[in-house]
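Beneath this line is the structure, given in structure tokens, with notes to follow.
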Amino acid sequence: MGGEGENTAVDLTAGDPADVENDNDRIITEEFKIWKKNTPFLYDIVMSHSLEWPSLTVQWLPDVSSLPDKDYETHKLILGTHTEQNEQNYLMIATVNLPKEDTEIDARKYDDERDEVGGFGGVDNKIEISVKLNHEGEVNRARYMPQNPFVIATKGPHADVCVFDVSRHPSVPANNTVRPEHRCTGHTKEGFGLAWNPHKEGGLLSGSEDMVVCYWDLKEAGKTVAATRQWKGHTAIVSDVAWHCSKPTLFGSVGDDKQLLIWDLDEAKDAPVFAVPNAHEREINCLAFAPHSEFLLATGSNDRTVALWDMRNLSQKLHSLEGHRGDVFQVQWCPLDETVLASCSSDRRVHVWDMARIGEEQDEEDREDGPPELLFIHGGHTARVEDFSWNPNMERTIASVSMDNVLQVWQVADNVFNEGNEDEEEPADDDLE
């Protein structure tokens, strides 16, 4: 398994709170130093960018632009702000310059001045905020509509879901007015669950703290849009919602009631078609349907595990991915590798898993690093990782955001990702801390 280097586990449950906090800070600093020293062996690219405020959300946009005389291409990210007190919040678009596939990159050392590994072409300002739209309160979640990526839905500290068409707004706000194109009503509390239907333009799902799942059809909608449907099968906060990747009317929801519920938009009754009570031992925070399999889905929980499920038999989980040391906030399948998914956690880590490696034999030393399916641990964050996103246009590349205002864009080294191939040269153990 590739990862951060030495894992450090210390019991911080006893003692003076101030001492515990100091010890924790010391451990985090030491772990980060070890991670930074090992980055040249573990990554082809690492870029770290300090944001003015933390972002609770991140998502790659699908479009990429490039110029023939440049050795890089420009990707885009959706971000948000989580400001303090009366500071203005924003929905933001960032540009990220990444090397073209055939560009020679230098991953021999971590560049402290640039906060990166994988220097290429001397390109400055590799990550820049290019668009800012005023937003009411912090941006809990922001997701673009697949059929028109200029259209972005957001959830914040208020009950309504806001929908912005970025193409209709200036790149810098003229004043403090918040002007979404649509305001979607139906919830009574805030939340994080948000998902566009990949098969139907304008089909938007939301789950919130009011225990309700709402659906809107925005294709011919006006300024204020009432929910077309509401489902009330949960008995606690609805943490996340997600559409099935190949069945246009099927979707799932999870919540603090530990339930995994599967719904069908075509069903007249407002009842789930499948229900899994106690799908985890603790609250469930996220779910994702596999894009390359009509039966496979994953859920992440405060019980520190990611569970794999087969929709043909939801009476028991297929497998439990164990390795996180904190609540699992997000899970996403890799769009370019059908057996790979990733998860992020309050333990400051992003884990990359490979289903194809489940059950592989391990020696004692490998077992200490985690189960065989734990392909990689990203240890570059020094605070809880709120969200991450796989780049759909670049292999092995993820953007992740943490509560310490940091955005990181990183590409797992090819030889680490494809470890076990005879043609790949692996770093020697002596090279790693």
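Counting from 992, one number per residue, gives the positions in the sequence shown under this note's numbering.
Glycine included, every Cβ here is placed at the ideal spot set by N, Cα and C.
From the options, residue whose alpha carbon lies closest to that of residue i
| i | options | result |
| --- | --- | --- |
| D1360 | A1374, P1383, H1315 and N1396 | H1315 |
| V1203 | H1066, G1182 and T1145 | G1182 |
| H1160 | V1152, D1054 and E1172 | E1172 |
| A1270 | E1258, S1284, L1305 and W1344 | L1305 |
| V1343 | G1350, E1351 and W1324 | W1324 |
| D1248 | M1346, L1287, A1212 and D1294 | D1294 |
| L1299 | R1273, D1060 and L1332 | L1332 |
| W1051 | V1376, S1121 and V1087 | V1087 |
| P1239 | A1165, S1393, T1373 and E1258 | E1258 |
| N1409 | D1395, S1393, E1386 and Q1399 | E1386 |
| W1222 | E1211, V1055, W1207 and K1214 | W1207 |
| G1213 | L1195, S1380 and R1174 | R1174 |
| Y1034 | H1040, F1367, I1018 and E1313 | F1367 |
| E1043 | V1055, E1127 and M1083 | M1083 |
| N1396 | T1373, D1354 and V1407 | T1373 |
| S1284 | E1274, D1301 and E1352 | D1301 |
Assigned secondary structure, residue i (DSSP; H/G/I helix, E/B strand, else coil)
| i | result |
| --- | --- |
| P1326 | coil |
| R1348 | helix |
| W1174 | As written in the sequence, residue 1174 is Arg, which differs from the Trp given in the question. It is a strand residue. |
| P1031 | helix |
| K1123 | strand |
| E1021 | helix |
| E1313 | strand |
| D1208 | strand |
| W1381 | strand |
| S1162 | coil |
| N1304 | strand |
| D1255 | strand |
| R1358 | helix |
| D1231 | strand |
| W1044 | coil |
| V1169 | coil |
| A1374 | coil |
| A1098 | Unreliable placement is indicated for A1098, whose pLDDT of 47 sits below 50; the coordinate value is still reported in the next sentence. Coil, per DSSP. |
| V1114 | Since pLDDT at V1114 reaches only 48, below the 50 mark, its modelled position is unreliable, and no value is offered. |
Beta-bridge pairing of residue i - partner residues as DSSP gives them
| i | result |
| --- | --- |
| M1202 | Looking at the DSSP assignment, M1202 forms no beta bridge with any residue, so it has no partner. |
| E1064 | S1057 and L1089 |
| C1335 | Q1321 and V1341 |
| C1236 | Note: C1236 sits in no beta bridge, so no partner. |
| M1136 | N1139 |
| L1185 | S1197 |
| F1155 | I1143 |
| M1083 | L1070 and K1123 |
| V1430 | Here the chain covers residues 992 to 1424 and nothing more, so residue 1430 does not appear. |
| F1242 | W1234 and W1254 |
| R1387 | R1387 pairs with nothing; no bridge assigned. |
| L1299 | A1289 and H1310 |
| T1215 | R1174 |
| V1392 | D1378 and L1398 |
| Q1050 | I1069 |
| Q1221 | C1205 |
Residue-chain proximity (residue i, chain B), Cβ-Cβ < 9 Å
| i | result |
| --- | --- |
| L1287 | No chain B is present in this structure, which holds just one protein chain. |
Contact under 9 Å by Cβ, residue i with residue j
| i | j | result |
| --- | --- | --- |
| A1334 | V1297 | It is worth fixing the name first, because residue 1334 is Ser in this sequence and not Ala. It is a contact, given that the beta carbons lie within the stated cut-off. |
| V1267 | G1246 | no |
| S1244 | A1227 | no |
| S1391 | V1130 | no |
| G1198 | D1231 | yes |
| C1205 | V1152 | yes |
| N1125 | T1168 | yes |
| L1241 | L1256 | yes |
| Q1250 | C1277 | no |
| I1389 | V1319 | no |
| I1349 | E1364 | yes |
| Q1399 | S1393 | yes |
| V1216 | T1176 | yes |
| I1120 | R1134 | no |
| P1045 | P1383 | no |
| L1196 | M1136 | no |
| K1027 | G1291 | no |
| L1209 | G1184 | no |
Could you pull out every unbroken beta strand (DSSP E) segment of at least 3 residues lying fully inside the region 1265-1294, listed in chain order?
1265-1267, 1275-1280 and 1287-1292
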